[in-house]
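Below is one structure; the comments refer to it alone.
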DNA sequence: ACCGCCTATGTTTACGTAAACATCGTTGTG
DNA sequence: CACAACGATGTTTACGTAAACATAGGCGGT
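Protein chains in written order, with my numbering: chain A, 35 to 363; chain B, 35 to 363.
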């Protein structure tokens, strides 16, 4: 900056004014300074700026895993929105989803150069009273039920689950089975509850719950269990990957989808349309979740006020070929 | 820091020494200072540290998309290794893979607080002479052929492609068809070349190339084309998602996998083992790619020397149920 | 006992920027 | 014509930290 000032024959303060687009600089001076900046390839030093401003214009994202599509897409949405609003993204991976690791990550947070924090957790850890986010920086949480303490953004799991079950019931199925995700997952529990409530509201039997761990393999295992149940005509699977495994197990067991058994998934992965048969599923807008997280976080940064509460992103049913009316007896 | 110094009855310099674990502080003093730090909840201000050090201990990652599993997993590997080595990760998403957008991202780079840059590009843009990374910060590139200008880390696409084709030939197939990825993709071209060379080396016919865009849908379309070719007994598909679509098209067309047609994919996605049939594929170690990127970048940061060249991460064949000997005529 | 060296700690300064304050010239007005 | 008001620019200072230099005791060797 000093070099630019010297070359342009002005003071460094004037360079600063030009650099930040402040008014009160005569156009001729501005030109000269800009020319000098170009010639010297001047770039403001963000460390010094951050020191001055007390802000890094950066959002920290704490997450456990990028292995699943949802987290990746959410992160992509966060990155896009943050960039559009002039903020950077700092990743804070937590290797193990243990309480100690989470607390460690939160501890490091305070010394990190971050104006706000977005936490992407698919597990209940954050709900435990012992794991608290440090105060100070604004926080937005994805997919948790800590809505009483922090702003939470989430897909509308309940409506999604209800849509799935209602779709199957409307086709004439007597009842709907469910393959849930792991118990530690908040999303899984929401979908499970919606399934149970929708069945109950329709006066249908509620079969026993099968569990998977989100993986296609666990869906395959669930499918094998289902083969032993002759009465099954409809299954709501808590995510598309498990639905894939489940459909393959059914196929191997000689049960056709959708002629013998209808299957509905959840997520609407890019591949779902290419499954055999193309999967009827609940679409989630992960990018929108990411966008809303950033909006919420930056609202807090700019307006100061943190208001706990849950923002829900709508889901919708995508009907493909994996559902049909139940077989005639 | 001044408050801590006052409370501990020492100078701020001593606090700094304790904070950074410097030697030459008597244990008793250290204790007092640490107690004061705890009491006041002192955290070093990273902006000021960065200003002093001229470094944020941060690596910037430029990427186009997290939509595909490979990029996500690579990023995860990068994040894990960087964190382990005490560096942070700043994400720099590039919305559109156009030259202008890339140049824009590189421009912003210089003013960003980043010690090194990792570029994850699956397209040829970086090879164009007009798109040059700014000098200064160390750079590591994933998946490009700019190895003459920058250090490049990549999966060993060639060996992977060769393994796939050799596996099929060893089962007795007359030749192997190929469904390639988009032409802009460097990885796709490498796999295509390996396929062609391996066939040529074995003295086999080289069928015409089918193209997809990595998506399962494009694999389905390629599969439909393949149905018109009665002589096809073996297909090497450039990624698992396309293989999924292709197998479904074959199934719909009445061609059984692997009895009539053998299929080999590339990637070894978590779901591949749950496809119908479980997919024989080439395993890529994305996490290792990420790790090596960070190692390469930090070597440059710490040792200064940037040496262009390509580091290859081995691939291996994973044999499952989608390949078998060709049908008897 | 004295000198010098080493160790523990304190003082000064610089990193690059921008807010706050100071200065200078110009313009408009009574 | 003098003076106030304002606009453009320069000067000072502070942000929090750590390197470089300074100082002051203590200890061993002669």
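No residue lacks a Cβ here, since even glycine has one placed at the ideal position from N, Cα and C.
ask   = Name the chain B residues whose beta carbon is nearer than 8 Å to that of residue 107 of chain A?
value = 100, 101
request  = Could you please give the first and the last residue of the uninterrupted beta strand (DSSP E) stretch that includes residue 299 of chain B?
outcome  = 296 to 301
query = Is residue 176 of chain B closer than 8 Å to residue 108 of chain B when the C-beta atoms are compared?
reply = yes
key: Extent of the continuous beta strand (DSSP E) run through residue 127 of chain B   = 122 to 127
inquiry  = Less than 6 Å between C-beta atoms, sequence neighbours within five positions excluded: which residues of the same chain meet that for residue 283 of chain B?
reply    = 254, 257, 258
task = Check whether the Cβ atoms of residue 296 of chain B and residue 207 of chain B sit closer than 8 Å, and answer yes or no.
result = yes
request  = Find the nearest neighbour of residue 271 of chain B within the set B/305, B/316, B/285, judged by alpha-carbon distance.
outcome  = B/316
key: Cβ distance (whole Å) where residue 357 of chain A is taken to contact residue 244 of chain A below 8 Å   = Residue 357 of chain A to residue 244 of chain A, Cβ: 18 Å. No contact.
Under 8 Å between C-beta atoms of residue 364 of chain B and residue 191 of chain B = Given that chain B is displayed from residue 35 to residue 363, the structure contains no residue 364 of chain B and the question cannot be resolved.
task = Spell out a yes or no on whether the stretch 271 to 281 of chain B and the stretch 288 to 308 of chain A are touching, meaning 3 or more CB-CB pairs, one atom from each, closer than 8 Å.
result = yes
task = From the DSSP output, in three-state form, read off residue 330 of chain A for me.
result = helix
query = In the stretch 253 to 297 of chain A, which residue ranges form an unbroken beta strand (DSSP E) of at least 3 residues, counting only runs that do not cross its ends?
reply = 268 to 271
inquiry  = Quick test of the definition: if touching needs 3 or more C-beta pairs under 8 Å, does the stretch 87 to 96 of chain A touch the stretch 122 to 140 of chain A?
reply    = yes
key: As assigned by DSSP and simplified to three states, the class of residue 87 of chain A   = helix
task = Output yes or no for whether 8 Å exceeds the beta carbon distance between residue 59 of chain B and residue 42 of chain B.
result = no
request  = For residue 37 of chain B, name the three-state secondary structure that DSSP assigns.
outcome  = helix
Alpha-carbon to alpha-carbon, residue 327 of chain B and residue 113 of chain B = 10 Å
query = What residue range is occupied by the uninterrupted beta strand (DSSP E) comprising residue 229 of chain B?
reply = Premise fails: residue 229 of chain B lies in the alpha helix (DSSP H), 220 to 235, not in any beta strand (DSSP E).
inquiry  = Can you pull out the residues from the stretch 113 to 126 of chain A whose beta carbon lies closer than 9 Å to at least one beta carbon of chain B?
reply    = 113, 114, 116, 117, 118, 122, 123, 124, 125, 126
Residue 73 of chain B, buried or exposed, once every other Cβ within 10 Å from all chains shown has been counted against 16 = exposed
request  = Check whether the Cβ atoms of residue 90 of chain B and residue 81 of chain A sit closer than 8 Å, and answer yes or no.
outcome  = yes
query = What residue range is occupied by the uninterrupted beta strand (DSSP E) comprising residue 212 of chain A?
reply = 211 to 214
ask   = Could you check where the beta strand (DSSP E) with residue 202 of chain A kicks off and where it finishes?
value = No beta strand (DSSP E) contains residue 202 of chain A, which is instead part of the alpha helix (DSSP H) from 191 to 204.
request  = Kindly give me the distance between the Cβ atoms of residue 171 of chain A and residue 149 of chain A, rounded to whole angstroms, as I take these residues to be in contact under 8 Å.
outcome  = 7 Å
task = List the residues of chain B whose Cβ lies closer than 7 Å to the Cβ of residue 275 of chain A, in chain order.
result = 305
Delimiting residues of the beta strand (DSSP E) encompassing residue 109 of chain A = It is not in any beta strand (DSSP E) - residue 109 of chain A instead sits in the alpha helix (DSSP H) that spans 103 to 118.
request  = Per DSSP, which residues does residue 152 of chain A bridge with? Please list them.
outcome  = A/95, A/174
task = Using a threshold of 8 Å, state whether the C-beta atoms of residue 246 of chain A and residue 210 of chain A are closer than that.
result = no
ask   = Under the three-state reduction of DSSP, which class applies to residue 137 of chain A: helix, strand or coil?
value = helix
query = Out of A/178, A/153, A/354, which has the shortest C-alpha to C-alpha gap to residue 346 of chain A?
reply = A/178
ask   = If we count the other Cβ atoms within 10 Å of its Cβ and call it buried at 16 or more, is residue 87 of chain B buried or exposed?
value = exposed
query = Would a check of beta-carbon distances place residue 85 of chain B closer than 8 Å to chain A?
reply = yes
query = Between the beta-carbon of residue 185 of chain A and the beta-carbon of residue 324 of chain A, is there less than 8 Å?
reply = no
query = Thinking just about the alpha-carbon of each residue, which of A/85, A/248, A/279 is nearest to the one in residue 260 of chain A?
reply = A/279
Terminal residues of the alpha helix (DSSP H) in which residue 59 of chain A lies = No alpha helix (DSSP H) contains residue 59 of chain A, which DSSP labels as neither H nor E.
task = Check each candidate in A/64, A/230, A/217, A/308 and name the one with the smallest Cα separation from residue 252 of chain B.
result = A/308
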